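Numbering (UniProt numbering), first residue to last: 1 to 463.
For reference, the structure discussed in these notes is given below.
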Amino acid sequence: MRLCSKCDSSRAVLKRPKTGDALCKECFYVAFETEVHETIVRAHLFQPGDYVAIAASGGKDSTVLAYVMKLLNERHKYGLRLVLLSIDEGITGYRDDSLKTVEQNREEYGIPLEVLSYKDLYGWSMDEIVAQIGRRNNCTFCGVFRRQALDRGAAKLGVNKMVTVLRGDIARLQRCTAITTGSEGAIPRSKPFKYTYEKEIVMYAHFKKLNYFSTECIYSPNAYRGHARAYLKDLEAIRPTSILDIIHSGECMAVKEGVRLPQKGTCSLCGYISSQQFCKACMLLKGLNQGVPRLGVGKSSKDKAKVVTGGHYDVDMTLKGPNDETLYQGVKKQFDTVKIMPKTTGTYTACFSNEFSTFSHKMVYMNFQVGEEKPLPGLGEHYTAMTKMESSSDNMHSNLNTIVDYQTHHRLREAQGRKRAEDLNARVLYWSIGETVAMLVIFIGQVFVLKGFFTERKTIVST
């Protein structure tokens, strides 16, 4: 039996991934809670009298966060007023069950609860959105709406701070370097679990017998973040401290305070913080309400053009939007690929001009791809992760699409080569005919000249 490396008296129940220490339950509780407390104190996350909203979903992270925040607030006398803030996305069979867990936590911890729903805020539930767009981009809608809904809920409650469950092993790119962020909204978001591992949160909830909801969202199995999560887990298996190494590296590469960053404004429609005239949530809602849900997703459209025949194989190209605004303009292009991000619905027009080569007719190949290709039948409507056979089929489908692109490229090259060969053959034929005619003219001319030498009549005058 291995003893705890701290107290050296009780049996060790786990080995911490960050430090490698073998700890018993009580020593693990102390280490876990102390680290969270030190993170809060070191970063000055709160001030006495702050009104703090805890983003609660009913999962293990938010449940442990609510429990630890209440515990540390009472133990160290932070002087905080705590409130649970939950968002009901309207996912039948998932969120309705998790909200029951949040309500149980409210009763157990004695923390008030506020629930806001997508239906009330936006007029759409996630079930209705998925029915419109399918399962390909549903996480885009949910993530954008949820971030804004949390800010709206915090503003409604009048809180000073919001604590989220973002932990160390969640890939969050640029903003993960800061322990308090305010760029996402007017109310700062703090992350007491920034340096906390998921494994330790799970073990803490297990040993404390906390009540949490552990079912995965039915719409998320095929989300791309799963690949990032798997990659991080593979790194952690090789080097347990790799996640903290990534965080510290990100902190070292973070933009310094003295560097001037672009100023963000507010959305013209809802007043939410945005770098554009309209925020992402309003763009998504606009697409949903207009019956064009993919409009707000921001999927780029791609226009490929290639001159197959004619002149020097170049042409002018102009791409215009629905309001006749010029999105792209190219002069004397042999081939080009244009990517645009449609912001409005309507007709997009590609115009080709041959002004500089009036006498040479040209043939142009154009392929306009709108958004992403639809998934294979059955693969886009999954409630669970894909099987190996389905994953292999999906990969094979992607490889076949790549082959189609190569085939199209080589067919165009073949058409160009064939046209050049035909043009060369026509030129040779015309030159041959011209040379033959010239030779015939010269030959006939020479015959007449020679004939004139022998048939010339001379007049003899006699006296």
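No residue lacks a Cβ here, since even glycine has one placed at the ideal position from N, Cα and C.
Source: prediction; values computed, not measured.
Sub-7 Å separation of residue i and residue j beta-carbons
| i | j | result |
| --- | --- | --- |
| serine 275 | cysteine 267 | no |
| histidine 37 | leucine 72 | yes |
| leucine 84 | isoleucine 111 | yes |
| valine 115 | alanine 281 | no |
| serine 86 | alanine 56 | yes |
| glycine 79 | methionine 126 | no |
| leucine 285 | tyrosine 118 | no |
| alanine 12 | alanine 154 | no |
| glutamate 236 | isoleucine 243 | yes |
| isoleucine 129 | methionine 162 | no |
| alanine 31 | arginine 2 | no |
Opening and closing residue of the beta strand (DSSP E) in which residue i lies
| i | result |
| --- | --- |
| alanine 350 | 349–353 |
| threonine 318 | 315–320 |
| glycine 330 | 326–333 |
| valine 163 | 161–163 |
Among the options, nearest to residue i - alpha-carbon criterion
| i | options | result |
| --- | --- | --- |
| glutamine 58 | Ala43, Ile238, Arg106 and Thr39 | Correcting the residue type first, residue 58 is glycine in the shown sequence and not glutamine. With distances taken between Cα atoms, glycine 58 lies closest to Arg106. |
| tryptophan 124 | Arg16, Asp61, Arg146 and Tyr94 | Arg146 |
| tyrosine 329 | Pro322, Ser353 and Thr347 | Here residue 329 turns out to be glutamine, not tyrosine, going by the sequence shown. For glutamine 329, the nearest C-alpha among the options comes from Ser353. |
| lysine 60 | Thr164, Lys264, Ala22 and Gln416 | Thr164 |
| histidine 409 | Phe448, Glu33, Ile442 and Thr337 | Thr337 |
| tyrosine 29 | Gly153, Lys209, Gln407 and Ala228 | Lys209 |
| glutamate 74 | Glu33, Asp234 and Asp151 | Glu33 |
| lysine 233 | Ser398, Thr215, Arg418 and Tyr197 | Tyr197 |
Proximal residues to residue i (C-beta, below 8 Å), its chain only, five neighbours per side dropped
| i | result |
| --- | --- |
| glutamate 108 | Asn211 |
| threonine 326 | Thr318, Leu319 and Lys320 |
Heavy atom of the ligand SAH within 6 Å of residue i beta-carbon
| i | result |
| --- | --- |
| serine 10 | Annotation note on the ligand SAH: not contained in the displayed structure, which lists no ligands. |
Sequence-distant residues of its chain with Cβ nearer than 6 Å to residue i (five each side left out)
| i | result |
| --- | --- |
| valine 64 | Ile201, Tyr204 and Ala205 |
| cysteine 7 | Cys27 |
| tyrosine 272 | Gln148 and Cys279 |
| valine 102 | Ala56, Gly58 and Ser86 |
| serine 10 | Cys4 and Cys24 |
| proline 240 | Pro17 |
| arginine 81 | Tyr51 |
Endpoints, alpha helix (DSSP H) assigned at residue i
| i | result |
| --- | --- |
| valine 144 | 138–157 |
| leucine 284 | 280–289 |
| leucine 116 | Taken as a continuous stretch (DSSP letters only), leucine 116 belongs to no alpha helix (DSSP H), being part of the beta strand (DSSP E) at 113–117. |
| lysine 100 | 95–109 |
| alanine 205 | 198–208 |
Identified DSSP bridge partners for residue i
| i | result |
| --- | --- |
| alanine 55 | Leu85 |
| arginine 273 | Residue identity check: residue 273 is isoleucine in the sequence provided, not arginine. In DSSP, isoleucine 273 forms a bridge with Thr266. |
| arginine 11 | Leu3 |
| arginine 427 | According to DSSP, arginine 427 bridges with nothing at all. |
| alanine 438 | Paired residues: none, contrary to the question. |
| alanine 22 | Lys15 |
Nonlocal neighbours in the same chain, by C-beta distance under 7 Å from residue i, ignoring five residues either side
| i | result |
| --- | --- |
| aspartate 314 | Val307, Lys332, Lys333 and Gln334 |
| glycine 93 | Ile218 |
| glutamine 104 | Asn211 |
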